[in-house]
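S.K.:
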Amino acid sequence: MSSERRKSYPFDQIEPKWQAIWEERQLFHAPNPGEKSFDPAKRKFYILDMFPYPSGAGLHVGHPEGYTATDIIARYKRMRGFSVLHPMGWDAFGLPAEQYAIKTGQHPAVTTRENVAKFKRQLKRIGFSYNWQREINTTDPAYYKWTQWIFLQIYNSWFNPATNKGEPISTYPGENPDEVRLAYVAEVSVNWCPELGTVLANEEVVDGKSEIGGFPVVRRPMRQWMLRITAYAERLLNELEGLDWPEGIKLLQRNWIGRSEGALIKFQISNFKSQFIEVFTTRPDTLYGATYMVLAPEHSVVDLIVAEEQWPDVREYRERAARKSDLERTDLAKDKTGVFTGAYTINPANNERIPIWTADYVLLGYGTGAIMGVPAHDERDLEFARKFDLPIRVVVQPSGDEEPIGFIGEGIAINSPIIDGLPTPEAKKKIAHWLEQHNAGKGAINYKLRDWLFSRQRYWGEPIPIVWRDGKHEALSENELPIVPPPLDDYKPSGTGEPPLAKAKDWVRYSDKALREINTMPQWAGSCWYYLRFCDPRNDERFVGGEAERYWMSSDKPGSVDLYVGGTEHAVLHLLYARFWHKVLFDLGYLSKPEPFQRLVNQGIILGEDNQKMSKSRGNIVNPDDVIDQYGADAFRCYEMFMGPLEQMKPWSMRGVEGVARFLARVWRLFMDETQAGDWELSARIQDVAPDKAQQKVTHATIKKVTEDIESLSFNTAISQMMIFVNAFTSAETIPLSAMRTFLILLNPFAPHVSSELWENLNAKFRDARGDITEQSWPGYDEQLLIEDEVEIVIQINGKLRDRMKMPVVANEEEVKSAALSNPKIQDRIAGRTVRNVIVVPKKLVNIVV
RNA sequence: GCCAGGGUGGCGGAAUUGGCAGACGCGCCAGACUUAGGAUCUGGUGGAGAAAUCCGUAGGGGUUCGAGUCCCCUCCCUGGCACCA
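Using the working numbering, you'd call the opening residue of the first sequence number 656 and step up by one each time.
(1) Would you say the stretch 735 to 745 touches the stretch 780 to 788, given that touching needs at least three Cβ pairs under 8 Å?
(2) Helix, strand or coil for His1128 per DSSP?
(3) Comparing C-alpha positions only, which one of Gly749, His1237, Phe1326 and Asp1343 sits nearest to Pro1213?
(4) Spell out a yes or no on whether the stretch 1347 to 1363 and the stretch 1432 to 1449 are touching, meaning 3 or more CB-CB pairs, one atom from each, closer than 8 Å.
(5) Which word fits Pro1154, buried or exposed, when buried means at least 16 other C-beta atoms lie within 10 angstroms of its C-beta?
(6) Between which two residues does the beta strand (DSSP E) carrying Ala951 extend?
(7) Just to confirm my understanding: we take Val843, look at its own chain, exclude 5 residues before and 5 after, and list those with CB closer than 6 Å. What are they?
(8) What did DSSP end up calling Phe1248 once you bin it into helix, strand or coil?
(9) How would you call Met656, buried or exposed, if buried means at least 16 neighbouring beta carbons within 10 angstroms?
(10) Which first and last residues belong to the alpha helix (DSSP H) in which Ser1375 is found?
(11) Glu789: buried (16+ other C-beta within 10 angstroms of its C-beta) or exposed?
(12) May I ask you to verify whether the stretch 772 to 779 touches the stretch 1178 to 1187, counting CB pairs closer than 8 Å and requiring at least 3?
(13) How would you call Thr826, buried or exposed, if buried means at least 16 neighbouring beta carbons within 10 angstroms?
(14) On the criterion of 16 or more Cβ atoms from any shown chain inside 10 Å, does Arg1491 qualify as buried, or is it exposed?
(15) Going by C-alpha distance, which of Ala1159, Glu1196, Leu1187 and Val1199 is nearest Arg1234?
(16) How big is the Cα-Cα spacing for Pro1407 and Gly1022?
(17) How long is the line joining the alpha carbons of Arg1425 and Val1504, rounded to whole angstroms?
(18) Any idea what DSSP makes of Phe706, helix, strand or coil?
(19) Determine the extent of the alpha helix (DSSP H) in which Leu1510 is found, giving its start and end residues.
(20) Using the beta-carbon count (16 or more within 10 Å), is Ala1087 buried or exposed?
(21) Could you name the residues of the same chain whose beta carbon sits closer than 6 Å to that of Arg883, not counting the 5 residues immediately before and after it, in chain order?
(22) Figure out for me which residue from Pro876, Ile1011 and Val1322 has the closest Cα to the Cα of Phe922.
(23) Check each candidate in Ile727, Lys1271, Thr946 and Lys773 and name the one with the smallest Cα separation from Ala1373.
(24) Just tell me which of Lys773, Tyr799 and Met1327 has its CA closest to the CA of Ile1341.
(25) Three Cβ pairs or more, each shorter than 8 Å: is that satisfied between the stretch 1375 to 1389 and the stretch 1463 to 1470?
(26) Please state whether the Cβ-Cβ distance between Leu1337 and Leu1417 is less than 9 Å.
(27) Please go through the same chain and pick out, in chain order, the residues whose beta-carbon is closer than 6 Å to the beta-carbon of Trp673, but skip the five residues on each side of it.
(28) To which residues of the same chain is Phe1297 closer than 6 Å at the C-beta, ignoring the five residues directly before and after it?
(29) Assign Glu659 to buried or exposed, taking buried as 16 or more other Cβ atoms, counted over all protein chains shown, within 10 Å of its Cβ.
(30) Report back the beta-carbon spacing between Trp911 and Lys1103 to the nearest angstrom; my notes put them in contact at under 8 Å.
(31) By DSSP's criteria, Phe922 is part of a beta bridge. Which residues make up the other side?
(32) Note down, in chain order, each residue of its chain lying with its Cβ closer than 7 Å to the Cβ of Thr853, except the 5 sequence neighbours on either side.
(33) Any idea which residues DSSP pairs Ile1001 with across the strands?
(34) Check whether the Cβ atoms of Asp1444 and Ile1450 lie closer than 9 Å to each other.
(35) Give the straight-line distance between the Cα atoms of Thr1013 and Gly1020, rounded to the nearest whole angstrom.
(36) Given a cut-off of 9 Å, decide if Gly1096 and Ile920 are closer than it, judged by their beta-carbon atoms.
What follows is the structure, encoded as structure tokens:
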């Protein structure tokens, strides 16, 4: 047995050959307006992949799934005459490189450079047609200079509710602009991860553990930079509408934003004349049913109101709640806990005195951190009231015969003098109006979305371009950017919450009186705007040039990027943050369109051969390099697409790769014969002759199917059709050149190397001077050629298939009907029975009902 | 618990508006070529049955001349959210 299996076609030679040609000729370069080769007549198409974090492990087969899909579309669109922006870059700030630096002392930039080189080599091997001259890296100072610049724009802006827009802070009429900036500092309870030595965004905490590493996370108050994304909540919600995103993803974002309509109600505290506690409720109509109030344990008013004798209990309870991680707090949710504060508040509707409790089922971060307890009409309140023996008062009458206690639906208000007899929606409106009149509250909208915690206690991230002077923050000026982090000997966080940058004492001392901000930005910062930088990646005057932005980001829809492909794991965070930054920049007049991504597609996860998620521990990871070594990049690409629908989760199969590799080998042998000496030469069967009718038909059917399937991203069925095409020609004695030319163009986006090579071989023999395959335009099809003269018509009796017959397409209903009824098999079956009805579906079937 | 998306041969998956279920590929079976075959080519392949035929799209019910497709109920899988007041 030979040591290496013979390749079924010489992909190991032709793939590097064509990759070198593409690079040398810069074939996929997408010129910007102003460049020599720019053609203003061409329409743009911006197709974007979610750029990867270049990890040390290298590419896995999941990455190229989406990348192959976009590459097919990019190549297709070029042949359709579009100028295609199809860039790639590196989201290279992040924890792993920093962790590695802590272990080895190697600067993260070195690790990053190595990993990027590895990723790039792997991607190039697959033959993607990226605009490599637009490559960007978020850790490049020339890039993050502009990330920092955008931060300054955000810092120097506020959201004007009157215009519903972000505006320069100079337009703010109030006294203290620091209160309204879109980037601000707050003392907030954060998710502190001692193991990582950093705080994490809520989104980075999963089940009370860090998303990265799975380390425990605890609550801790810290001074942090926040971005006021909540100001944009309404627009982030409403403007989803115009986007061509999967409904599921839109829903995920809607739920994350979590808009709810209700009222803020002011409760006066007994014995504290001018102290009020505001609660948010979606059911102001149940105000008369409020028999107690609950404050979140962390609520600041608790300190103020607790009665002397209740202090020990309250203190103990608060400490216990603080120690609980989010996981425990929600996990123990089955059993409600809480303590009475000893204080009372007045229900504004009936002036009743009701007790104030504190309990951790009320969250500080949602609404006002305080609720009115309406046990009769809220499950949680009911559970709490039953446990602590608090009164339950029914104020909503269900319309049916449901039990009123615990009824949370809409009904008729009762025991509520102001709104008695009103159905819930009207009752809500009336009571909100009443509250407003009596200065006791107002209608309000609340969001689940919270402001974005933007500080990280890390080294390997963008420094925040701020200095502190006399305890106040100041923006650094634009011309000081980029702020480059200083080199360190030791990248370890101190563990006290002090970021690693604190160790660079000289760097921190900005001047005699001013110190630098030592927090860095989260990893999302760089990916919030990278799609903009791709439009004009080398511009050192502006984050993106105006002309380039207007060309590439233009659209007749609200979103700019025509197609964005990536994993669902970014459905909420990345996509929401990027939309937020985009809207701020749009409001400030820097961008053409209010939304970044018009059409979004999520590729499904690829599982291991064992149908399990790929992981090191399971040992089921497939390395693209191994697949390419054995079967070639074209087979790899085609298999990734042939597996099944792009958006579906599906298992890898090496047998499947083999099958697709066999298909490409069959394509090769359709064109090429092997000589005695073992060389390949163009088959003599290929001749410049007209295709026969059947060949014509399958060719046009293939053009139609492949075209439509690429447009709808159904790559698997496009490949099926090309297989059918090849099967139809393999045994033909003469193979018409024109059909083969057409086929190679169709195949090119999927298998660019082998199709280029075969095209070149055709050009060498047939002097029809056609140029390179990449210069070809996409073929059209003739619908006329697809029409059959005869169709097979199915004959059913009572819906069951009984026979088939050939009929001319032109046959009318009457002819088809009588042909079916006179069919001998059918005659046998219906003999002696009455034909009740005959249904004729033109060109398809006849159903005889007896 | 709530929300979303799924469930079709031994496997991955096809199937405009309801109209021949299982395209294409894998696997399997048989044959050809061959010193050889884990190469290549040809044919077959949902299940049961000798056959006529019958049964088949998670399960049950319904609408219809006709249901994988539409409606109702149940079960299972995947993803998300999870005391959001």
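Cβ coordinates follow ideal geometry from the N, Cα and C atoms, glycine included.
Model, not experiment: these values are computed from the prediction.
M.R.: Reading from the atomic positions:
(1) yes
(2) strand
(3) His1237
(4) yes
(5) buried
(6) Element bounds for Ala951: n/a, residue is neither H nor E.
(7) Gln879
(8) The sequence given here has Lys at residue 1248, not Phe. The answer is coil: DSSP assigns Lys1248 none of H, G, I, E or B.
(9) The predicted model places Met656 with a pLDDT of 32, which falls under 50 and marks its position as unreliable; any figure quoted below should be read in that light. The residue is exposed, with fewer than 16 neighbouring Cβ atoms inside 10 Å.
(10) Phe1370 to Thr1385
(11) Here residue 789 is Arg; the residue named in the question, Glu, does not match the sequence. Classification of Arg789: buried, given that the 10 Å Cβ count is 16 or more.
(12) no
(13) exposed
(14) exposed
(15) Leu1187
(16) 56 Å
(17) 59 Å
(18) coil
(19) Here the chain has residues from 656 to 1505 only, and residue 1510 is not among them.
(20) buried
(21) Leu837 and Asp1106
(22) Ile1011
(23) Ile727
(24) Met1327
(25) no
(26) yes
(27) His1408 and Ser1411
(28) Val1315, Asn1371 and Ile1374
(29) Only weak support is given to the placement of Glu659: the predicted model assigns it a pLDDT of 44, under 50, and the value that follows is read from those uncertain coordinates. Flag for Glu659 reads exposed.
(30) 7 Å
(31) Ile932
(32) Arg1111, Gln1112, Arg1113 and Pro1148
(33) Gln923 and Arg1008
(34) no
(35) 15 Å
(36) yes
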